[in-house]
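Colleague: Position one of the sequence shown corresponds to residue 1 (the UniProt record's numbering), numbered consecutively onward. In this text, a Cβ means the ideal position worked out from N, Cα and C, and glycines have one as well. Everything numeric in this text was worked out from a predicted model, so none of it was measured.
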Amino acid sequence: MFSKACEYGIKASTYIALQSLQDKRVSLKEIAEEINSPVAFTAKILHQLAKNNILDSVKGPAGGFQIEKENVEKLKLSHVVFAIDGDSIYSGCGLGLEKCNEQQPCPLHDKFVIIRNELKQMLEETSLLDLTSGLDLGITFLKR
1 MFSKACEYGI KASTYIALQS LQDKRVSLKE IAEEINSPVA FTAKILHQLA KNNILDSVKG
61 PAGGFQIEKE NVEKLKLSHV VFAIDGDSIY SGCGLGLEKC NEQQPCPLHD KFVIIRNELK
121 QMLEETSLLD LTSGLDLGIT FLKR
């Protein structure tokens, strides 16, 4: 459902949020290592997230990436997904047809509309803070 960039963006945002809650900035290299992503690809994703005000990039020797503590709860997964993949996830066809709609539906159309709506609700209701709690307790993971 998500592009590879979006998957990495969600993982990176979650990791940065967890570190930010502990008043830590994290480097590009550390983020890439923690989410098991190539450094150059991670840099492009983080740039896109910073450009969309999801996270802050601080330059210099003590620099790195962070998310303001008050924003960790405010930022929803929908913000991250939109910053990287746009809103196509809410309108795309389950079979990848270019023109799929109520008038000319694909065989999955009616069932896929339900799934898309539930996905949209989950993305809009889930904050980065929600995702950090499992990581903090060691019951969820960003890489295997």
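1) At what residues does the beta strand (DSSP E) containing S78 begin and finish?
2) Hey, is the segment 38 to 52 in contact with the segment 99 to 111, meaning 3+ C-beta pairs nearer than 8 Å?
3) Rank S88, S37, G92, L49 by C-alpha distance to the C-alpha of K111 and give the top, closest one.
4) Look up residue 201 in the DSSP assignment and give the residues it is bridged to.
5) Under the rule that 16 or more other beta-carbon atoms within 10 Å means buried, what is N117, buried or exposed?
6) Got a sec? Which residues, its chain only, sit under 7 Å from I115 by beta carbon, not counting five neighbours each side?
7) Out of D136, G138, L137, S127, which has the shortest C-alpha to C-alpha gap to I10?
8) Going by DSSP in three states, S88 sits in which element: helix, strand or coil?
9) If you draw a straight line from the C-alpha of V72 to the C-alpha of I89, how long is it?
10) Would Q66 be called buried (16 or more neighbouring beta carbons within 10 Å of its own) or exposed?
11) Can you tell me whether S27 is helix, strand or coil according to DSSP?
12) Under 7 Å Cβ to Cβ from residue 157, same chain only, skipping five residues before and after it: list those, please.
Modeller: Concretely, from the data shown:
1) Careful: S78 lies outside any beta strand (DSSP E), inside the alpha helix (DSSP H) at 77 to 85.
2) no
3) G92
4) With the chain covering only 1 through 144, there is no way to say anything about residue 201.
5) exposed
6) none
7) Taking only the C-alpha atoms, the option nearest I10 is S127.
8) helix
9) 23 Å
10) For Q66, the number of other beta carbons within 10 angstroms of its own is at least 16, and it is reported as buried.
11) coil
12) With the chain covering 1 to 144 only, the question about residue 157 has no answer from this structure.
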